[in-house]
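Remarks on the structure that follows.
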Amino acid sequence: MMRFLLFLLLNFFVIVANAQTVKVAAASDLQFALGEIAARYERESGEKVVLSFGASGNFARQIPQGAPFDLFLSADEEYIFRLAGQGLLRDQGQLYAIGRVALLVPRGSPLKVDSELRDLAAAISDGRLQRLAIANPEHAPYGRAARAVLERAGLWAALQGRLVLGENVAQAAQFALSGSAQGGIVAWSLVKAPELARHGVAALIPESWHPPLRQRMALTRHASEDASRFYAYLQQPAARAIFERYGFSLPATR
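According to mature numbering (1 follows the signal peptide of the UniProt record, and there is no 0), the sequence shown holds residues -19 to -1, 1 to 235 in order.
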């Protein structure tokens, strides 16, 4: 359990690199899905991929400052549009997935897990819920989605002073399971990972409760040819099937 929680705390998940690595900035909801895709790509191509996971908003600030990424997979397509407008990306890229959010609590929790959060108001009143984890809405798209969900449920005001903010949604999931909070609103793609599902129980929240999490990717202006090949691979059936298995909705293929 502790080894798994420490893994979620890492900001960077690094696959062995050499001089021709593909350097990828990826939203942290992709930690398991993209890790699996990249490992498969490496086996098939012999090329190396370095994955850096974090909040999309943080990467969107780092890229204009010269962060040496070849490819950016954002959890919010607006960051891609903004960077493309600044001439920092080759183009506006491709929509690769649409994300969802879920209520996550540890196994054995006294909280009742349901998709419409009916038990949370009572849990606040009777003391079963002291802390709830979400990603920081200031720079994490899944944090903004969590805020929209809590506003829709009428719980946002009641939870002020009780929220534990993760730097990104993977850290929020770690807080939800580690005892730092009694639960959290996190990415469904993380909940679907066997490594996390062993330790928690989750309910998928209606997609109408938050703005669509339209996740877009694009190559940076100076991306390598190796990166172009990995970018193309992410749009192929094998990669799309992995995204789908982790709970993402997929855009139509062209």
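Glycine residues also receive a C-beta, built at the ideal position from the N, C-alpha and C atoms.
Just so you know, these numbers come straight off a predicted model, no measurement behind them.
*If you follow the alpha helix (DSSP H) that Tyr212 is part of, which residue opens it and which one closes it?*
Here residue 212 is taken as the residue at index 231 of the sequence shown, counted from 1. Looking at the DSSP string, the run of the alpha helix (DSSP H) that includes Tyr212 is 206 to 214.
*asked:* According to DSSP, Gly53 sits in a beta bridge with which residue or residues?
replied: One-based indexing of the sequence shown puts residue 53 at position 72. According to the sequence as given, residue 53 is Phe; it is not Gly. Looking at the DSSP output, Phe53 shares a beta bridge with Ala6, Ala199.
*asked:* On the criterion of 16 or more Cβ atoms from any shown chain inside 10 Å, does Pro122 qualify as buried, or is it exposed?
replied: Within the sequence shown, residue 122 is the residue found at index 141, counting from 1. The residue is buried, with at least 16 neighbouring Cβ atoms inside 10 Å.
*Which residues in the same chain have their Cβ closer than 8 Å to the Cβ of Ala48, if we skip the five residues on either side of it in sequence?*
Your numbering for residue 48 matches position 67 in the sequence shown. Same-chain partners within the cutoff: Ala6, Phe40.
*asked:* Quick check: is the beta carbon of Asp51 nearer than 8 Å to any beta carbon in chain C?
replied: The structure shown has no chain C; it contains just one protein chain.
*Which class does residue 248 belong to by DSSP, given the choice of helix, strand or coil?*
One cannot answer for residue 248 here, as it falls past the ends of the chain, which runs -19 to 235.
*Considering only the beta carbon of each residue, do Leu171 and Asp10 sit closer than 8 Å?*
Walking along the sequence shown from the start, residue 171 turns up at place 190. Walking along the sequence shown from the start, residue 10 turns up at place 29. A contact, by the Cβ cut-off of 8 Å.
*In chain order, each alpha helix (DSSP H) run of at least 4 residues that lies wholly inside the segment 101 to 171*: 122 to 133, 150 to 159
_Distance, Arg202 Cα to Leu98 Cα_ = Position 117 of the sequence shown holds residue 98. Position 221 of the sequence shown holds residue 202. Distance from the CA atom of Leu98 to the CA atom of Arg202, rounded to whole angstroms, is 43 Å.
*Buried or exposed: which applies to Gly181, given that a residue is buried once 16 or more other Cβ atoms fall within 10 Å of its Cβ?*
As a position in the sequence shown, residue 181 is number 200, starting the count at 1. By the neighbour-count rule (16 or more Cβ atoms within 10 Å), Gly181 is buried.
*Taking the alpha-carbon positions, what's the Arg125 to Phe229 distance?*
Your numbering for residue 125 matches position 144 in the sequence shown. Your numbering for residue 229 matches position 248 in the sequence shown. Roughly 18 Å separates the two Cα atoms.
*asked:* Can you list, in chain order, the residues of its chain with a C-beta nearer than 7 Å to that of Gln73? Leave out the 5 residues immediately preceding and following it.
replied: Against the sequence shown, residue 73 aligns to sequence position 92. So the list reads Ile61, Phe62, Ala65, Ala199, once near-sequence residues are dropped.
*Just checking my contact of residue 253 with Leu131 at CB under 8 Å: how many whole Å lie between their CB atoms?*
Residue coverage of the chain in this structure runs from -19 to 235, which leaves residue 253 outside it and unanswerable.
*Please name the residue in His191, Ala104, Gln75 whose C-alpha comes closest to that of Pro118.*
In the sequence shown, counting from the first residue as 1, residue 118 sits at position 137. Ranking the options by Cα distance to Pro118, first place goes to His191.
*Going by alpha carbons, who is nearest to Leu140 out of Ala83, Ala162, Val150?*
For this step, residue 140 is matched to residue 159 along the sequence shown. Per the Cα distances, Ala162.
*Going by alpha carbons, who is nearest to Gln155 out of Ala104, Ser90, Val86?*
Stepping through the sequence shown from its first residue, residue 155 is reached at position 174. Selected option, being the one with the closest Cα: Val86.
_Proximity below 8 Å, CB of Ser26 to CB of Ala8_ = Looking up residue 26 in the sequence shown gives position 45. Looking up residue 8 in the sequence shown gives position 27. No, these two residues do not count as a Cβ contact at 8 Å.
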